[in-house]
Amino acid sequence: MLLAFGNFTADPSVNLQLLIGGLALGAIYAVVALGFVLVYKSTDVLNLAHGEFLMLGAYFALTFLISENLNFFLGVFVLLLVMLVFGLVVHYGIMRRMVGQGFFAIVLITLGIATIIRALLLIFYGPTERARLDLLPQGSFEVGGATVRHVDLVIFGVVALCVLLFFLFFKYTRLGLHMRAVADDIEAAAAMGIDPDKVYAMTWAAAMVMAGVGGLLFGHVTGAIDRSIEAIGLRAFPAAVVGGLTSLGGSIVGGLVVGVIEQFANGHLGTKWREPVAFSVMFVVLLVRPTGLWGRKDLERV
Amino acid sequence: MTATENPAAQQADQTYRPSTLQRFLPFVVAAVVPFILGATTDDLNFWWKAAITIAILALVARLAWKWTPRGELTHREDMRLWRTPSDRSWAALTMFGLLVLPFILASDFTPPMDFPWATWFAVVNLVLIFAMGAAAFNLLVGYSGQISLAHVAFLALGSIVGGIVGVQWSGGNMWLALPAAALAGAVVGAISGLPALRLKHLYLLLATFGFHFVMMLVWREYLQEYFGFVGIRFKGVNSPRIASWLHWLPGIDPDENGEFIITGQFRWYWVLMPITVLSILFMVNVIRTREGRAFAAVRDRDVSASLLGINVARSKLMAFALSSAVVAMSGVLASFYIGSRGEDSFNVQTVLNYAIIIVVGGFSSIQGAIFGSAFFWFLPEWFKWAREELWFVRDIEFLSDYPSEIDLAIKGFLVVIILMFKPDGLAGMWRDFKNWLSRSLARRNP
Amino acid sequence: MSGGGLDLRIQDLTVVYGGVTALDNVNITVPSGGFVSVLGANGAGKTTLVRSITSLLYLHKGRVRRGSIVLGGESILGKKSPDIVSAGVAQVPEGRKLFPNLTVKENLLCGAASRSDVSGIDESLEQTLELFSQLRPLLSQTAGLLSGGEQQMVAVGRALMSQPTLLICDELSLGLAPKIVHRLFELLTEINETRGTSILVIEQNASLALQHANDAYVLELGRVLMEGSATELKGNPMVQELYLGGGGEAHTSYAAIERPSRSRPLEHGQRPPVTES
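Residue numbers (the working numbering), protein chains in the order written: chain E, 12 to 313; chain X, 13 to 458; chain D, 383 to 659.
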């Protein structure tokens, strides 16, 4: 009835193409997963609104870079600035009051935020879909019979750069150190004179900036910009979990692994298998090694 | 407060022992009589029906009052479904409301300013279905603390079982599909709960979410295999009906084909209301018994619970099985009531909707599920009415341009605001109101 | 160095968690440059006292209902914890509470979070390492992997990194070998004498605390049961009976000692604790 495993192909170029597509998809997942990881790592919040944040980023990119027709770098700067402010609003307006609340209440409040963003975007941008962004290099080249798009390479580079920047930030700056301290033990951090409130605000701002970057990048590879792109948030979950929800580097590896697996499932089994396979991989990882491949180990298990 | 501490109450407890029949008979009567009345006499004046119902309920209330033991709360009383006279009066009032409501909605009474009466009947029926599912969700997530996003997966399971048993096998026998769905829900629910033995919180949430996607795949495959893209039709020939051997019942008059099809809001109400009320009572009952206390103990601290001799694994799986069984049943009811289920009937937004319901209604309270789903379905109606009728809202074009989006935004804001300022939701506000009421009453008559 | 400690005055402090009263009209004074210990069993309200001083009650849904906390003439009640640390209060939290995934050096640097003078921080780090010379080879170790004694040293060192004028140690002795505890208390006395830092020690280990402190308070069920100089309390038969493992003659039975209880009628027209259903 379901299983159509028969069409495995031996053609190496097809598999190469799937691999390349998977890596490109994985790079996008890594961007999104990085947003999850940032928030989860220092505030212990599972942000189910990250997909919506990303959608916000994509729509703002549309506004600043296409409609307003700003210079590319100025536009990106404005976009990230707006996202940063928005992150501060999310923290000081909402999340600040939720510190110390139950885990599920906080998950639900992020769902509430997701609902608000989705509704407001629909109201202000309307339900019509927009053409995807075309500001990054659009060409492509061939490798061994498979096509590599320039834009995928750009995405890849940007993700690697972001991870590197965050890594350096966490390792070598005072604020980064304080963020890690708060992630380890909020009470002890507060007792040492670190203001958790400020650290959380910075975290949300950073996650929102990442969502801005993600929206800008994803806006270049998605079919069209419309309300369906928030689904990328959910689809990137397996990537974040496989990489380990507390590891920055893990989000890249997790993203690439899940991206490639999904792309192969897509190519060999059919589109409908994409999500179930990805989530099954996540399921297995959760059962075998809940911290993911690189995650912190001090989590609570039964 | 135990019985041993209070000899007087103990004595009262021994002298007075209402039998189970005694305790439930009035409610059975109260449920059956208006049903007979309502269904037999479609042309009988509404006010007559209301008057008769009120008379019967007054009698019921009188009997309930008479059978109320006085004195302090004994353990036996503590374990009752409705513990205090106040609880009992609220229960009686609710019952009364539920019995009278369909007659009011079915009458051609029109409230001033075109208050949307007519559409309310459909909304009430939806509320009934959703309240059942949301209460089961709350039992699992709020009361047992097993965080799950696989809720919609079990609605889909209900539709699958409804499709296989109710449509493919029996051509519209909902009565067969309901227990089948409960059984399937319990089994699959327990299986989906297996990760809970190993995972908690975030990781359990993610695992159940994975289960959601697997179930969605099964649902799509099932649809495409047997029904194609149009989806399953639960209407027409597949409509549920009352079996012919029950046609002697008063109030059931078969149509020209000798069938009694459950169609129209009024008939559906009398199917949905008892099922919802019974299943919610069942869940409340589970909560107040040993099993339910074990759920709460496992939620609060499972290690300590296991030291108390609670079988934690069994308790967790039981919570999953119970909740999923009820959710699957509500899935069957929803399928037959709505009439068709297609590929996009279930999605992530549906999960969100249930989350909105339990947050707005009040976390970890069965009552909250009812309030929440009522709110969820009535809000768009009120909003629509306000847009069309209220003079100060009518002229704001913006509102009528984006009705459903604004509706969604309001719900989102409500979720955020309630979680921030009033985490107990509507159920908490209702409790506060009742406390305030009884306090002020007590102040007046000390 | 930090010239002399500031004095801390806690007056009429009443703290509640929801409906439960954890501290009830507590008066405690730490004089400038003093070494004060607060004794008490589990649930006496010791940790609540620390949380009230360092303004961390909000993390546990507690709040101050009444009273004042004044540090060096300035009220610190209601200030945010970073401001309190800047004002000169540092603490060694109960159970050490190191940042387990950070290295020892990073842990120590976190202690200086309230300071912005880079060279001063380096200097303090050097001083701390002189005080705890065992930590020097462990600087790049992950703190969670250290032994209990080493962790406690890091915790004390971390608190000293902010150059406090008042150092609060909550249950320093918990889960440590007696030898290490003795060493830590000697270090505290040294800090107290050489730097003039006021020290407030919250302890279960009464004999040790009374040996090193100047003044002491006995806290029980949220109230101050006794107060006086350390030598005075050491000689008190009730303290000997309850906290120093017998030796006194006044009481032979634990139950015979009159102690406060939570069900005692409340005084000063106080509102009864609100019980939540």
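Even glycine gets a Cβ: it sits at the ideal position worked out from N, Cα and C.
Going by C-alpha distance, which of the options is nearest residue i?
i	options	result
E/A192	E/L175, E/Y211, E/A216 and E/A125	E/Y211
D/G521	D/N489, D/A612, D/A588 and D/L549	Here the sequence assigns Leu to residue 521 of chain D, which means Gly is not the residue at that position. Closest option to D/L521, Cα to Cα, is D/N489.
X/Q277	X/M107, X/W102 and X/V135	X/V135
E/V301	X/M186, X/L217 and X/F166	Position check: residue 301 of chain E holds Pro in this sequence, whereas Val was assumed. Checked all of X/M186, X/L217 and X/F166; the closest Cα to E/P301 is X/L217.
X/L188	X/L235, X/S251, X/A162 and X/P207	X/S251
X/L284	X/D312, X/G373, X/L329 and X/A346	X/A346
D/F529	D/I562, D/A598 and D/D552	The sequence shown places Ser at residue 529 of chain D, rather than the Phe named in the question. Nearest of D/I562, D/A598 and D/D552 to D/S529, Cα basis: D/I562.
E/A89	E/V101, E/T74, E/Y183 and E/H102	Contrary to the premise, residue 89 of chain E reads as Val rather than Ala in this sequence. Among E/V101, E/T74, E/Y183 and E/H102, the Cα nearest to that of E/V89 belongs to E/T74.
X/F272	X/F395, X/V164 and X/N185	X/N185
E/V154	E/S24, E/D237, E/F294 and E/Y51	E/S24
E/T126	X/Q361, X/S316, X/K396 and X/F387	X/Q361
E/L95	E/V264, E/L188 and E/G223	E/G223
E/A60	E/R129, E/I263, E/M203 and E/G33	E/R129
D/Q473	E/I205, E/G123, E/L76 and E/L172	E/I205
Please list the partners that residue i has in chain E, where partner means a Cβ-to-Cβ separation under 9 Å.
i	result
X/G424	L122, G123, I124, A125, T126, I127, I128, R129, A130 and L131
X/R232	K283
Against residue i, what residues of chain D qualify as contacts under a CB-to-CB distance less than 9 Å, listed in chain order?
i	result
E/L228	Result: empty, since nearest Cβ-Cβ is about 30 Å, beyond 9 Å.
E/G111	Y440, L441, H442 and K443
In whole angstroms, what is the alpha-carbon distance linking residue i and residue j?
i	j	result
X/L211	E/L297	8 Å
E/M221	E/L67	12 Å
X/F307	X/S156	5 Å
X/G248	X/P286	24 Å
X/E233	X/L167	16 Å
E/T257	E/L99	22 Å
D/A632	D/M608	Low local confidence applies: a pLDDT of 45 at D/A632 is under 50, so the model's placement there is unreliable, with the coordinate-based value given in what follows. If you take the alpha carbons of D/A632 and D/M608, they lie about 16 Å apart.
D/N596	D/V621	16 Å
E/L30	E/E286	17 Å
X/A333	X/V153	13 Å
E/M106	D/L548	33 Å
X/P81	X/R100	In this prediction, X/P81 scores a pLDDT of 48, lower than 50, which makes its location untrustworthy; the coordinate-derived value is nonetheless stated afterwards. Those two C-alpha atoms are separated by around 12 Å.
X/F433	E/G255	33 Å
E/E311	E/G86	Confidence is the limiting factor: at E/E311 the pLDDT is only 37, short of 50, which leaves the residue's position unreliable, though a coordinate-based value still follows. Going by the C-alpha atoms only, they are around 43 Å apart.
X/D407	E/A69	33 Å
X/N238	X/S352	Reading off the sequence, residue 238 of chain X comes out as Tyr, not Asn. Cα to Cα, the separation comes out at about 14 Å.
D/L491	E/L91	31 Å
D/T634	D/P619	The pLDDT assigned to D/T634 is 46, lower than 50, so where the model puts this residue is not dependable, and the model offers no usable value.
X/K446	D/V402	24 Å
Measure the beta-carbon distance from residue i to residue j and round it to whole angstroms, keeping in mind my assumption that it falls under 8 Å.
i	j	result
X/A381	X/A143	6 Å
D/V398	D/A404	7 Å
E/T214	E/S53	5 Å
E/V159	E/F167	With a Cβ gap of about 10 Å, E/V159 and E/F167 do not count as contacting.
Do residue i and residue j have their C-beta atoms within less than 7 Å of each other?
i	j	result
E/I39	E/F275	no
E/V268	E/V252	no
D/A469	D/M543	no
D/L388	D/Y625	no
D/P475	D/A525	no
X/A192	X/V179	no
E/A289	E/E273	yes
D/D406	D/G604	yes
X/L235	X/E355	yes
D/S419	D/E585	yes
D/G415	D/G610	no
D/L601	D/K428	yes
E/F180	E/L259	no
How would you list, in chain order, the residues of chain X whose beta-carbon sits under 8 Å from the beta-carbon of residue i?
i	result
E/I134	Y414, E417, I418 and A421
E/E63	Those within 8 Å of E/E63 in chain X number zero; the least Cβ separation is about 10 Å.
Which bits of chain X does residue i rub up against, with CB to CB less than 9 Å?
i	result
E/S291	G222, F225 and V226
E/P23	Within chain X, no residue comes near E/P23; the closest Cβ sits about 29 Å away, beyond 9 Å.
Quick one: which chain E residues come within Cβ less than 8 Å of residue i?
i	result
X/M432	I105, R108, M109 and I120
D/V467	A202, M203 and G204
If the cut is a Cβ gap below 7 Å, which residues of chain D does residue i touch?
i	result
E/A212	None at all; the shortest Cβ gap to chain D is about 13 Å.
Can you list the residues of chain D that residue i reaches, using a CB-CB cut of under 8 Å?
i	result
E/I197	L441
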